[in-house]
Every structure is written in structure tokens, then in C-alpha cells.
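Student:
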Amino acid sequence: MQTRKLGTELKVYPVGLGCMGMSFAYGGQAEADAIATLHRAVDLGVNFFDTAEVYGPYENEILLGKALKSVRDKVTIATKFGFRILEEGTGMERMAGVDSRPEHVKAVAEASLKRLGTEVIDLYYQHRVDPNVPIEDTVGAMAELVREGKVRALGLSEASAATIRRAHAVHPIAAVQSEYSLWSRDPEDEVFAVCRELGIGFVPYSPLGRGLLTGAIAKPEALGDDDWRRSLPRFQADAMAANAAVIATLEKLAAQKGVTSAQLALAWVLHQGDFIVPIPGARKIRHLEQNTAAADIVLTPVEVAAIGDALSPDKVVGKRYTEELLALVNG
614 MQTRKLGTEL KVYPVGLGCM GMSFAYGGQA EADAIATLHR AVDLGVNFFD
664 TAEVYGPYEN EILLGKALKS VRDKVTIATK FGFRILEEGT GMERMAGVDS
714 RPEHVKAVAE ASLKRLGTEV IDLYYQHRVD PNVPIEDTVG AMAELVREGK
764 VRALGLSEAS AATIRRAHAV HPIAAVQSEY SLWSRDPEDE VFAVCRELGI
814 GFVPYSPLGR GLLTGAIAKP EALGDDDWRR SLPRFQADAM AANAAVIATL
864 EKLAAQKGVT SAQLALAWVL HQGDFIVPIP GARKIRHLEQ NTAAADIVLT
914 PVEVAAIGDA LSPDKVVGKR YTEELLALVN G
């Protein structure tokens, strides 16, 4: 089976599974359907599953704990800490800023271990950099969890190159997770170079542009009323109309290759380096199967360059996040 490395500790299938949408932000799904998708992923060889305490909140970790209990020794589970979560409210409204104080790092780990029903977290990420807590203090607390045998490897999410270096000096960082796709390429500027230099894996979330690069979402009305994507700039009606031509280009290139738009977009991401392990979300088994098969698509350097040029971010209308959420990235 194909594998890629995240740091020195973890070897995983080249395409993982982002599990957030099963419980959070995108409308969720019935638990039985989610478990069926998770089990099918394992059958296909997928062994890297991404969750976080804030997904639900808490519900997604519980789901993974239940679904993956029987195959725990075969899978790598990543989860994240880093937000203050309110006791009341629903969904996104319960997120109340960041919190990476050492005591919070440890408290969340203990709670996540219980929800996941496991003795060790394979990959423990800081979800967003906390500007009020030195990264050295946060990673120091994370490192203590490794020494205690509660965590195997450490990760950061949406961190700047400078922060990654400072964190890695305290304890080896196995993976950096950030949004990355054909039309969200900020990590290429500095983060990729640091990951290559330090032997850190890079884990792109939303490698399919939160579903837009599949070609299946043409208008905001295609999303449920409670779907968080409706609040994002690229999911506004005018932006979606303006970006239709870009999506059409991807669909044309995919048809020429004999694959789906999603598969071509994932294959392009995978061809950016063997240290990259994307985690597309998938609630339906057919989408999961298509995404997983993208690991077998071979692109020539000429094809990679042509696809990248045809869908370059400067052709895209709308930012990936609102200004409020952009303030939390590249910390």
C-alpha cells in the first residue's frame, strides 16, 4: 500500500479523511451513515482521520471513537485543541476565541482521549496559534503529553513559517495543517520550504475548495440553510457566478484525463510533494471512493503546470475566509 510520512512517527495513506462535515459546519449527517463511510474508508486503505474537539463541539470525536474502536490499531487519529468553547449555544457560535495556555492544552487532551475512547492521540494539533501565549509554552505542554505517552506526535494548524521554526526548536513537529488547494496556495510562499527543510509533513484541509472544486455546488441554494459555508466570501452568489468559468476549466481538464474534477484537483495537490497528505471531507461513500482513488492518478510535470496555471488563485473571486477568520491564520 502507498504511504507517506508525517514527521518521523507517522506513516499514512496518501489521502486521509477530514471528518468535520459529518458532525459540524456543513449540516452533518445521520450517525449510521457517517459510521458506514468511516468503515468504508478503512476498507479502502485510508488510515488517517482528522477531527477536533470543536467539531460539534465534541460530537465528532465521539463519533470517531465509536466508529474506529474495532480498528484502532490500524488507524492514525488526529485531533486538535485551541479554542475556548462556550457551554451554551450551537455549532460555530460556541467558539469564543483561542486558548493555548498550557493548562488548557492538557485539559483538552484528557477530554479528547476519553471521547475518542483511546489511550493515545496519534497527532495532536494546535488548531490556531494563540497570540497571547508564546508558542514555546504551548509546545512545551504538548511535549509533556508526548513524554507521558498520551500523544505520539505534534502538529500545528495555520501557523506561519517563523512560528513553525520556533515550535520545532522545542519539540519536533510532525505535521502542519493549513488550507491548500488549486485556488488557496498561501503555504507555497514560505511554509512548504520550512516543512521540507525540517522533515515536517503538510496536511492540506479543504483541498477541494470546501466542495466548490467538485463542480457540484453552483449556487448558494445548493447548501442547507444551516451550512456554515453560506457565510464565506466564495460562497456568495456573485462570487460563485464569477468563478463558474474557473470550475468549467477544471471540469474540461478532468474530462480530458478521464477523471472527475475532484480527483484531478486532489491529484494536483498530491503532485506538489511527497510530504503532502490532503484530507478531503466526504460524507457519501461514492465521494470517498473517488477521493481515495486520486492517489493513483499520475500527472506529468507539464500537466501539473498546466492545471496550476489554468486555475491559479488570481483568477478566483472572493477570499477563502471572512476577515474575522483570516485574522486567525498565519499566526
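According to my numbering, numbering within the sequence shown proceeds without interruption in unit steps and concludes at 944.
The beta-carbon is built from N, C-alpha and C at its ideal position, and this holds for glycine as well.
This structure is a prediction, so every number in the text was calculated from the model and none was measured.
For Ser791, write down the residues that DSSP places opposite it in a beta bridge.
Tutor: By 1-based counting over the sequence shown, the position of residue 791 is 178. DSSP, once it has assigned bridges, lists Pro817 as partnering Ser791.
Student: So for Ser773, helix, strand or coil by DSSP?
Tutor: Reading the sequence shown from its first residue, position 160 is the one you call residue 773. Note: Ser773 maps to coil in three-state DSSP.
Student: Using 8 Å as the threshold, is the C-beta distance between Leu729 and Ala788 below it?
Tutor: Residue 729 sits at position 116 when you count from the first residue of the sequence shown. Residue 788 sits at position 175 when you count from the first residue of the sequence shown. No, the Cβ-Cβ distance between Leu729 and Ala788 is not below 8 Å.
Student: From which residue to which residue does the beta strand (DSSP E) around Asp735 run?
Tutor: Taking the sequence shown and counting its residues from 1, one reaches residue 735 at position 122. Element bounds for Asp735: Ile734 to Gln739.
Student: First and last residue of the alpha helix (DSSP H) that includes Met635?
Tutor: Counting from one through the sequence shown, the residue named residue 635 turns up at place 22. Note, Met635: premise wrong, no alpha helix (DSSP H); not H, not E.
Student: How close, in whole Å, do the beta carbons of Leu758 and Ala780 come, if the pair is a contact with beta carbons under 8 Å?
Tutor: Working through the sequence shown from its first residue, we reach residue 758 at position 145. Working through the sequence shown from its first residue, we reach residue 780 at position 167. That belief does not hold up - the Cβ atoms of Leu758 and Ala780 are roughly 14 Å apart, past 8 Å.
Student: How many Å lie between Pro744 and Gly944 at the Cα?
Tutor: Against the sequence shown, residue 744 aligns to sequence position 131. Against the sequence shown, residue 944 aligns to sequence position 331. One C-alpha to the other measures close to 7 Å.
Student: Could you give the first and the last residue of the continuous alpha helix (DSSP H) run that contains Val915?
Tutor: Residue 915 sits at position 302 when you count from the first residue of the sequence shown. Val915 -> alpha helix (DSSP H) spans Pro914 to Ala923.
Student: How many Å lie between Ala756 and Gly931 at the Cα?
Tutor: In the sequence shown, residue 756 corresponds to position 143, counting from 1. In the sequence shown, residue 931 corresponds to position 318, counting from 1. One C-alpha to the other measures close to 38 Å.
Student: Which of the three DSSP states, helix, strand or coil, is assigned to Lys832?
Tutor: Here residue 832 refers to the residue found at position 219 of the sequence shown. Three-state result, Lys832: coil.
Student: Could you give the distance in angstroms between the alpha-carbon of Ala835 and the alpha-carbon of Thr873?
Tutor: The count along the sequence shown starts at 1 and reaches residue 835 at position 222. The count along the sequence shown starts at 1 and reaches residue 873 at position 260. Near 19 Å, if we compare the C-alpha coordinates of Thr873 and Ala835.
Student: With a CB to CB cut of under 8 Å and the five nearest residues on each side skipped, what residues in its chain are close to Val733?
Tutor: Position 120 of the sequence shown, counted from the start, is the residue given in the question as residue 733. Leu726, Gly762, Lys763, Val764 and Arg765, listed in sequence order.
Student: Out of Glu749, Ser794 and Gly812, which one is the CA nearest neighbour of Ala782?
Tutor: Reading the sequence shown from its first residue, position 169 is the one you call residue 782. When only C-alpha atoms are compared, the closest one is Glu749.
Student: Roughly how many angstroms lie between the CA atoms of Asn660 and Leu877, to the nearest whole one?
Tutor: For the purposes of this step, residue 660 is identified with residue 47 of the sequence shown, where counting begins at 1. For the purposes of this step, residue 877 is identified with residue 264 of the sequence shown, where counting begins at 1. Looking at the two C-alpha atoms, the distance is approximately 22 Å.
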